[in-house]
Amino acid sequence: MASSSLLLHLLILLLTLSSATATVRHRPTASHNYHDALTKSILFYEGQRSGKLPPNQRMTWRKDSGLSDGSAMKVDLVGGYYDAGDNIKFGFPMAFTTTMLSWSVLEFGGVMKSELGNAKTAIRWATDYLLKATAQPDTIYVQVGDANKDHACWERPEDMDTQRTVIKIDRNNPGTEVAAETAAALASASLVFRKSDPNYSKILLKRAIMVFAFADKYRGSYSDGLKSFVCPFYCSYSGYQDELLWGAAWLQKATRRPAYLNYIQANGRTLGVDENDCTFSWDNKHAGAKILLSKAFLVQKVQSLHDYKGHADSFICSLVPGAPSSQAQYTPGGLLFKMDDSNLQYVTSTTFLLVTYAKYLTQSRKVVSCGGTIVTPRRLRTIAKKQVDYLLGDNPMRMSFMVGYGPRYPQRIHHRGSSLPSVSAHPAKINCGSGFNFMHSESPDPNILVGAVVGGPDEHDRYTDERSDYFQAEPATYTNAPLVRTLAYLAHSFGQI
């Protein structure tokens, strides 16, 4: 009996050790510090701030700017974000940025820990401005600054002396795209602040309802009436139908009112839900709306939205390498490639949808069927991770495309504030034309725009690191916003937060 007992104990011990060894062997190891990348991706927004900067500003080389914005129309439009490397405040991409930051927090804010506060601060910097821009009924101030005149100068935001033209949409000059996107931004942000600041949340939601009603009632593309100001910078090429569907989806989520669900059911097809859009961006929201509405069916069991699972699946299948309906193109190094102009914006938006849909599928215990090929949530996460790892340095160039992350990253980005000496280092004004001496310089940027994700390499995985190449070297707020969610997921998955 004693020997049998001893053998049994030895067997249990061996099984325990074997199990522990297997656990160690299969524990995922991270090739990147996703937590560090997450922190920096949010910090980037402090470098894009316009207006009066707060005492706790961490990007200290930036100073106050645009303090009289809106005065040309006798309104207060101080604040908000510069969209990219220039000094213009474009309402359309700013609203999309806000929506995506909010969606990131809603899906993964619970595990962001110390970065949750910074993410909510980034959102609020935008929503405070959007509330100002929508303060008047049936009117939205959608742009501050003349892009053509601004692009003729290379000036720090603190020095800019180009005319701060104010552009608006109203009943007579509608802009459904930017109005509906602004409604989406306000509605999604209202959910972010629902528990932490309920009064602010109510203000955001009330305004979102008002703005969406304006967008839907007074229809028309803002690219038509404001073409000379918004094109070719942020023309709406996809039309405004996608924004109406997207805006209604966010209002349905934020209000739970049957009216918005009825609106989606009645208008989904006319708003383009059946279109096979394979791109999700500041311009085209169809794919995002499909994924968002699929959650209502998959997770919240809203049976009337059953078809959105199929719509979402079709989009996902277009991205999966080897799937019968795959339409995605990848570089030799494995990067999803959509176009030469700021390609990484499509990479970050796509990976967002991949990990988000994977979450919904997991919660509902579903998979995707791509023409007989079964695609699991794990496969979607694997595809997304590969794209993020490429962005962070696992690429033929062996460089990170996020400024300040890793040992090698872009040194000469297409960004005025980063490329010119800071006000602290060079207090004297640098005039409009004089700044181009710095723009054309081969010297590294004197100010590190930490966390900025540049446009990225070309279809052959080549990156020149030339400041004048805005296709490759220019960062943008809407590139970073969806990346926040994916980085939060990866940091959590690998035990970094």
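Just so you know, we're using our numbering here: the sequence shown kicks off at -18 and counts up by one. Note that the Cβ used here is the ideal one computed from N, Cα and C, for glycine as well. These numbers were taken from a predicted model, which means no experiment stands behind them.
Buried versus exposed, by CB contacts within 10 Å (16 or more), isoleucine 148: Position 167 of the sequence shown, counting from 1, holds the residue named residue 148. If you draw a 10 Å sphere on the C-beta of isoleucine 148, you find 16 or more other C-beta atoms in it, and that means buried.
Through-space distance from alanine 409 to threonine 331, alpha-carbon basis: On the sequence shown, residue 331 is found 350 positions in, with the first residue counted as 1. On the sequence shown, residue 409 is found 428 positions in, with the first residue counted as 1. Threonine 331 and alanine 409: Cα-Cα distance of roughly 43 Å.
Residues near phenylalanine 174 in its chain [Cβ-Cβ closer than 6 Å; skip 5 each side]: Working through the sequence shown from its first residue, we reach residue 174 at position 193. Contacts found: Tyr181 and Ser182.
When DSSP builds the beta bridges, which residues end up paired with serine 350? Locating residue 350 in the sequence shown gives position 369, where the first residue counts as 1. Partner(s): Ile355.
Could you give the distance in angstroms between the alpha-carbon of tyrosine 215 and the alpha-carbon of serine 12? Residue numbering aside, residue 215 sits at position 234 when the sequence shown is read from its first letter. Residue numbering aside, residue 12 sits at position 31 when the sequence shown is read from its first letter. Spanning the two alpha carbons is a distance of roughly 36 Å.
Leaving out five residues before and five after phenylalanine 77 in sequence, what residues of the same chain have Cβ atoms less than 6 Å from its Cβ? Numbered from 1 along the sequence shown, position 96 holds the residue referred to as residue 77. Correct list, in chain order: Glu162, Trp263 and Tyr459.
Excluding the 5 residues preceding and the 5 following glutamate 235 in the sequence, name in chain order all residues of the same chain whose CB lies nearer than 8 Å to its CB. Here residue 235 refers to the residue found at position 254 of the sequence shown. In the sequence as presented, glutamate is not what sits at residue 235; that position holds alanine. So the list reads Ala168, Ser169, Ser171, Leu172, Leu186 and Ala189, once near-sequence residues are dropped.
Check whether the region 397 to 417 touches the region 137 to 146, counting contact only when three or more Cβ pairs, one atom from each stretch, lie closer than 8 Å. Cβ pair count under 8 Å is three or more, so yes.
State the DSSP-derived secondary structure class of tyrosine 218, mapped to helix, strand or coil. For the purposes of this step, residue 218 is identified with residue 237 of the sequence shown, where counting begins at 1. In this structure, tyrosine 218 counts as coil in the three-state DSSP scheme.
Just grab the DSSP bridge partners of threonine 120 for me. Counting from 1 along the sequence shown, the entry for residue 120 is found at position 139. Residue pairing by DSSP places threonine 120 opposite Asp151 in a beta bridge.
Do three or more CB pairs link the region 421 to 437 to the region 447 to 465 at distances below 8 Å? The answer is yes - the region 447 to 465 touches the region 421 to 437, with three or more Cβ pairs under 8 Å.
Proximity of proline 155 and arginine 200 at Cβ, strictly below 9 Å: Within the sequence shown, numbered from 1, the residue matching residue 155 stands at position 174. Within the sequence shown, numbered from 1, the residue matching residue 200 stands at position 219. Yes, the Cβ-Cβ distance between proline 155 and arginine 200 is below 9 Å.
Ordered along the chain, which non-local residues of its own chain (more than five positions away) have a Cβ less than 6 Å from that of methionine 378? One-based indexing of the sequence shown puts residue 378 at position 397. The answer, listed in chain order, is Tyr444.
Could you tell me the alpha carbon to alpha carbon distance between phenylalanine 333 and proline 358, rounded to whole angstroms? Position 352 of the sequence shown, counting from 1, holds the residue named residue 333. Position 377 of the sequence shown, counting from 1, holds the residue named residue 358. Distance between the alpha carbons of phenylalanine 333 and proline 358: 13 Å.
What span of residues does the alpha helix (DSSP H) with histidine 396 cover, start to end? Against the sequence shown, residue 396 aligns to sequence position 415. Membership of histidine 396 in any alpha helix (DSSP H) is not indicated, and neither H nor E is assigned to it by DSSP.
Bounding residues of the alpha helix (DSSP H) (the contiguous stretch that carries cysteine 298): Locating residue 298 in the sequence shown gives position 317, where the first residue counts as 1. 288 to 298 is the span of the alpha helix (DSSP H), which, as asked, contains cysteine 298.
Starting from the Cα of valine 435, find the closest Cα among Tyr221, Val384 and Leu468 and give me that residue. In the sequence shown, residue 435 corresponds to position 454, counting from 1. Comparing Cα-Cα distances from valine 435 to each of Tyr221, Val384 and Leu468, the minimum goes to Val384.
Spatially closest choice to aspartate 127 from Ala53, Phe475 and Ile364, by CA coordinates: On the sequence shown, residue 127 is found 146 positions in, with the first residue counted as 1. Of the listed residues, the one whose Cα sits closest to aspartate 127 is Ala53.
Can you have a look at lysine 208 and say buried or exposed, based on whether 16 or more other CB atoms are within 10 angstroms of its CB? Reading the sequence shown from its first residue, position 227 is the one you call residue 208. Counting Cβ neighbours within 10 Å, lysine 208 comes out exposed, since fewer than 16 surround it.
Can you find the residues in the same chain that come closer than 6 Å, C-beta to C-beta, to glutamine 222, ignoring five residues on each side of it along the sequence? Here the question's residue 222 lines up with position 241 in the sequence shown. The answer, listed in chain order, is Leu252 and Gly253.
Can you give me the Cβ contacts of leucine 48 inside the same chain, cut-off strictly under 8 Å, excluding the 5 residues immediately before and after it? Taking the sequence shown and counting its residues from 1, one reaches residue 48 at position 67. Excluding sequence positions up to five before and after leucine 48, its CB lies within less than 8 Å of the CB of Gly32, Lys33 and Val59, all in the same chain and listed in chain order.
Would you say the region 361 to 372 touches the region 392 to 405, given that touching needs at least three Cβ pairs under 8 Å? Contact between the region 361 to 372 and the region 392 to 405 is absent, because fewer than three Cβ pairs lie under 8 Å.
Pop quiz: threonine 143 and aspartate 151 are said to be a contact at Cβ under 8 Å. What is the actual Cβ separation, rounded to whole angstroms? Along the sequence shown, read from residue 1 onward, the residue named residue 143 stands at position 162. Along the sequence shown, read from residue 1 onward, the residue named residue 151 stands at position 170. Rounded, the Cβ-Cβ distance is 25 Å, inconsistent with contact.
For leucine 335, does the three-state DSSP call read helix, strand or coil? Taking the sequence shown and counting its residues from 1, the one referred to as residue 335 is at position 354. The answer is helix: DSSP assigns leucine 335 an H, G or I state.
For threonine 4 and isoleucine 478, I'd like the C-alpha separation in whole angstroms. Stepping through the sequence shown from its first residue, residue 4 is reached at position 23. Stepping through the sequence shown from its first residue, residue 478 is reached at position 497. In this prediction, threonine 4 has a pLDDT of 36, which is less than 50 and means its spatial position is unreliable; what the coordinates show is noted afterwards. Threonine 4 and isoleucine 478: Cα-Cα distance of roughly 20 Å.
Nearest to arginine 30 (by Cα), restricted to the options Ser202, Asp45, Pro74 and Ser22: Here residue 30 corresponds to residue number 49 of the sequence shown, with the count starting at 1. Comparing Cα positions, the closest option is Asp45.
Does DSSP put lysine 187 in a helix, in a strand, or in coil? Taking the sequence shown and counting its residues from 1, the one referred to as residue 187 is at position 206. For lysine 187, the secondary structure class from DSSP, reduced to helix, strand or coil, is helix.
How would you call methionine 320, buried or exposed, if buried means at least 16 neighbouring beta carbons within 10 angstroms? Locating residue 320 in the sequence shown gives position 339, where the first residue counts as 1. Counting other Cβ atoms within 10 Å of its Cβ, methionine 320 stays below 16 and is therefore classed as exposed.
Nearest-angstrom beta carbon gap, serine 275 and tyrosine 289 [assumed within contact, 8 Å]: The residue given as residue 289 occupies position 308 in the sequence shown. The residue given as residue 275 occupies position 294 in the sequence shown. Going by Cβ atoms, the distance from tyrosine 289 to serine 275 rounds to 4 Å, so yes, they are a contact pair.
Can you give me the start and stop residues for the alpha helix (DSSP H) that proline 463 sits inside? Here residue 463 refers to the residue found at position 482 when the sequence shown is read from its first residue. For proline 463, the enclosing alpha helix (DSSP H) has its first and last residue at 458 to 474.
In the DSSP assignment, find the unbroken alpha helix (DSSP H) run with lysine 21 in it and report its ends. Taking the sequence shown and counting its residues from 1, one reaches residue 21 at position 40. 15 to 28 is the extent of the alpha helix (DSSP H) around lysine 21.
Residue from Gly249, Pro74 and Pro313 with nearest C-alpha to aspartate 439: Here the question's residue 439 lines up with position 458 in the sequence shown. Answer by Cα proximity: Pro313.
Run the CB neighbour count on isoleucine 355, radius 10 Å, all protein chains shown included, and call it buried at 16 or more, exposed below. On the sequence shown, residue 355 is found 374 positions in, with the first residue counted as 1. Counting the other Cβ atoms within 10 Å of the Cβ of isoleucine 355 gives fewer than 16, which makes it exposed.
6 Å Cβ shell around proline 463 - same chain, five flanking residues per side excluded: The count along the sequence shown starts at 1 and reaches residue 463 at position 482. Result list for proline 463: Met81, Thr329, Ser330 and Phe333, in chain order.
Here's the rule: buried if 16 or more other CB atoms are within 10 angstroms of the residue's CB, otherwise exposed. What is isoleucine -7? Locating residue -7 in the sequence shown gives position 12, where the first residue counts as 1. Low per-residue confidence applies at isoleucine -7: pLDDT is 38, beneath 50, and the placement is therefore not dependable, though the value from the model is reported in the following sentence. By the beta-carbon neighbour count (other beta carbons within 10 angstroms, threshold 16), isoleucine -7 is exposed.
Under DSSP, the alpha helix (DSSP H) around aspartate 109 begins and ends at which residues? Along the sequence shown, one-based indexing puts residue 109 at 128. 95 to 114 is the extent of the alpha helix (DSSP H) around aspartate 109.
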